[in-house]
Amino acid sequence: QYAPDEVTDLPGMTFKPNYRQWSGYLKAGQGKFLHYWFVTSQHDPMKDPVVLWLNGGPGCSSLDGFLSENGPFHVNNDGATLYENVFSWNKYANMLYLESPAGVGYSYSDDQKYETDDDKVAADNYQALQSFFVKFPNFTRNEFFIFGESYGGIYVPTLSLRVATGQAKINFKGFSVGNGLSSFALNDESLIYFGYYHGLFGEDLWRDLNNNCCNKEGCNFYNSSSDSCKTQVNIAFNIVYQSGLNEYSLYLDCEGRRGFSKAYEKSMSHLFRNYRKTLHTNQFSGPRSSSVSLS
Amino acid sequence: GVPPCINSTAQTNWLNRGDVRKALHIPATLPPWDICSDAVGEEYHVLYSTVKDVYLKLLSLGLRALVYNGDTDMACNFLGDQWFVEDLGIKETSKYKIWIYDDQVSGFYEQFGNITFLTVKGAGHMVPQWAPGPALQMFQTFLTNGSY
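So the sequence lines, in the order shown, correspond to chains A and B. Numbering-wise (the working numbering), the first sequence opens with residue 8 and increments by one. Numbering-wise (the working numbering), the second sequence opens with residue 62 and increments by one.
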């Protein structure tokens with residue numbers, strides 16, 4: 008274990024953890040340093056697998072995964088104290104959280120240039136992973152898995168292929184993606200059906216979508232050349248994304264609706280990229296006004 | 062930038078405390094932590110419109126895979142990922158069926174050789190956050206190559 012990175016005391020932690028943790032930096036590409044946070048298993052660290060967790064974006068931090076999703080502790084609403092997560096994934100695995108690519112969270116690049124792409128991210132993550140096993144050689148024999156979420160649908164398989172076919176000695180066994188982006192076309196195409204069959208679109212819109220985007224061979228809601236189809240799909244996407252629904256969880260309230268940054272929308276521009284350009288500029292005003300009348 | 066409808070205020074405040082940064086060995090010269098990076102998001106180049114070919118290579122190497130979806134998410138909805146897995150062209154080895162957590166139906170799954178598609182009923186985009194118990198059981202089952 009790399010002693011200088013060990014975290015021995017954390018502000019706001021009122022309980023004594025039954026695992027060890029390290030936080031520091033892994034070297035990625037030239038001048039790039041990725042922040043990692045590694046927590047050992049609460050069960051049997053030397054035998055349990057090592058699992059890498061990656062959040063998505065692109066450009067969002069895996070510390071959200073740690074502190075809100077599957078990490079051993081989360082932050083109370085006071086922003087000062089911590090509480091234990093009894094469903095932490097380190098009950099069964101050694102968990103490695105990596106802020107990637109450089110520029111995300113506390114990761115950085117010496118030249119502060121943060122332009123990157125899918126392949127460069129995979130290459131940097133692979134290098135960081137090798138750097139991790141240099142710092143923690145005792146874990147090289149453990150089974151290794153890669154997990155990710157959202158745009159991790161791209162990060163995870165591209166990194167997995169490098170791990171599976173690369174020279175580094177890693178006991179790689181498998182990978183998993185949660186609510187991942189695996190295909191732009193299928194993600195867009197399926198959302199129209201999801202929205203209709205969850206009661207988000209009325210019969211008029213459903214009829215217009217079918218009339219303008221479908222023929223005998225099927226429907227194309229993803230990249231139709233028909234302007235009238237694009238208009239109907241825009242209306243549908245506005246209902247999903249602009250009407251006040253929580254796009255991440257249909258039946259939960261939307262928190263902080265007024266506070267979110269438009270920059271995030273740019274970072275999520277991989278979603279519905281054929282339509283995003285017109286999503287905010289078309290004249291459709293249905294969802295907001297209709298939501299008022301419906302309520 | 063903060064994702065729409067997500068409240069990350071508490072963790073942002075905690076991570077930006079000076080004593081927390083020091084405990085985590087974060088250099089004092091670095092800017093404050095934020096959940097998403099505008100600089101990265103705005104200059105990011107997407108190269109893959111689908112990862113189908115990558116999956117096929119990985120599965121041919123004998124690796125184990127799990128694609129899971131909280132079924133109330135609309136950013137990456139479960140139906141799109143179900144279609145993606147089915148479209149890999151791998152023969153189904155286990156029919157679509159329920160899985161159980163704490164004596165309740167927690168979702169559905171189907172298997173195609175070494176890849177499993179699984180839904181988590183009622184959960185959104187962040188499955189471990191909104192269905193922590195079922196998520197942990199799913200996680201352990203996958204790691205141990207057990208039965209869902």
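A virtual CB, placed ideally from N, CA and C, is assigned to each residue, including glycine.
Neighbours of Gln172 of chain B across chain A, judged by C-beta separation under 9 Å, do not exist; the nearest C-beta is about 13 Å away. Across the region 101-115 of chain A, CB contacts with chain B closer than 7 Å involve Pro108, Gly110, Val111, Gly112, Tyr113 and Tyr115, in sequence order along the chain. Using a CB distance below 7 Å, no part of the region 149-170 of chain B faces chain A.
Under DSSP, the beta-bridge partners assigned to Thr111 of chain B are A:Ser190. For Glu196 of chain A, the three-state secondary structure derived from DSSP is helix. With a minimum length of 4 residues, the unbroken runs of alpha helix (DSSP H) contained wholly in the region 95-144 of chain B fall at 99-103 and 113-121. For Thr165 of chain A, the chain B residues whose Cβ falls inside 8 Å of its Cβ are Tyr109, Val112 and Val115, in order along the chain.
A straight line joining the alpha-carbon of Ala130 of chain A with that of Tyr258 of chain A spans about 38 Å.
Closest option to Asp80 of chain B, judged by alpha-carbon separation, among A:Glu196, A:Tyr26, A:Gly19 and A:Ser183: A:Gly19. For the 8 Å CB-CB criterion, Val247 of chain A and Met135 of chain B form a contact. Within chain B, the C-beta atoms nearer than 7 Å to that of Asp125 of chain A come from Val107, Leu108 and Tyr109, in chain order. The continuous stretches of alpha helix (DSSP H) do not include Leu91 of chain B, and DSSP gives it neither H nor E.
Within the same chain, Phe154, Gly155, Glu156, Gly159, Gly160, Val163 and Pro164 come within 8 Å of Val184 of chain A by CB-CB distance, once the 5 residues on both sides are set aside. Look at Val14 of chain A here: in three-state DSSP terms it is coil, with no helix or strand label. When DSSP states are grouped into helix, strand and coil, Met187 of chain B belongs to the coil group.
Taking CB atoms only, Leu120 of chain B has no neighbour in chain A less than 8 Å away. At the C-beta level, Ala135 of chain A and Leu105 of chain A come within 8 Å of one another.
Counting along the chain, Gly194 of chain B sits inside the alpha helix (DSSP H) bounded by residues Pro193 to Leu204. Interface with chain B (8 Å Cβ-Cβ cutoff): Ser68 of chain A is included. Asp124 of chain A sits in a strand when the DSSP states are folded into three classes.
For the region 123-146 of chain B, the residues whose beta carbon sits under 7 Å from a beta carbon of chain A are, in order, Leu124, Arg125, Ala126, Leu127, Val128, Tyr129, Asn130, Gly131, Thr133, Asp134, Met135, Ala136, Cys137, Asn138, Leu140, Gly141, Asp142, Trp144 and Phe145. For the 8 Å CB-CB criterion, Val101 of chain B and Ser189 of chain A do not form a contact. The straight-line gap separating the alpha-carbon atoms of Lys39 of chain A and Asn132 of chain A is approximately 11 Å. Within the model, the alpha-carbon separation for Leu212 of chain A versus Thr238 of chain A is close to 11 Å. Looking at the backbone, the Cα of Ser235 of chain A and that of Pro56 of chain A are separated by about 52 Å.
Comparing alpha-carbon positions, the option among A:Leu17, A:Asn145 and A:Val111 lying closest to Tyr9 of chain A turns out to be A:Asn145. In the three-state scheme derived from DSSP, where H, G and I count as helix and E and B as strand, Phe94 of chain A is classed as coil. Taking the Cα positions, Phe182 of chain A is about 30 Å away from His205 of chain A. At the C-beta level, Ala89 of chain B and Asp16 of chain A stay beyond 8 Å of one another. Phe145 of chain B is a Cβ neighbour of Leu193 of chain A, given a cutoff of 8 Å. Taking a 10 Å sphere around the C-beta of Tyr105 of chain B, we find 16 or more other C-beta atoms and assign the residue as buried.
By the neighbour-count criterion, in which a residue is buried when 16 or more other Cβ atoms sit within 10 angstroms of its Cβ, Ile96 of chain B is buried. At a cut-off of 8 Å, the C-beta of Phe182 of chain A has a neighbouring C-beta in chain B.
Rounded to whole angstroms, the gap between the alpha carbons of Phe203 of chain B and Asn83 of chain A is 30 Å. Within 10 angstroms of the beta-carbon of Gln165 of chain B lie fewer than 16 other beta-carbons, which makes it exposed. The beta-carbon of Gly102 of chain B is placed less than 8 Å from the nearest beta-carbon of chain A.
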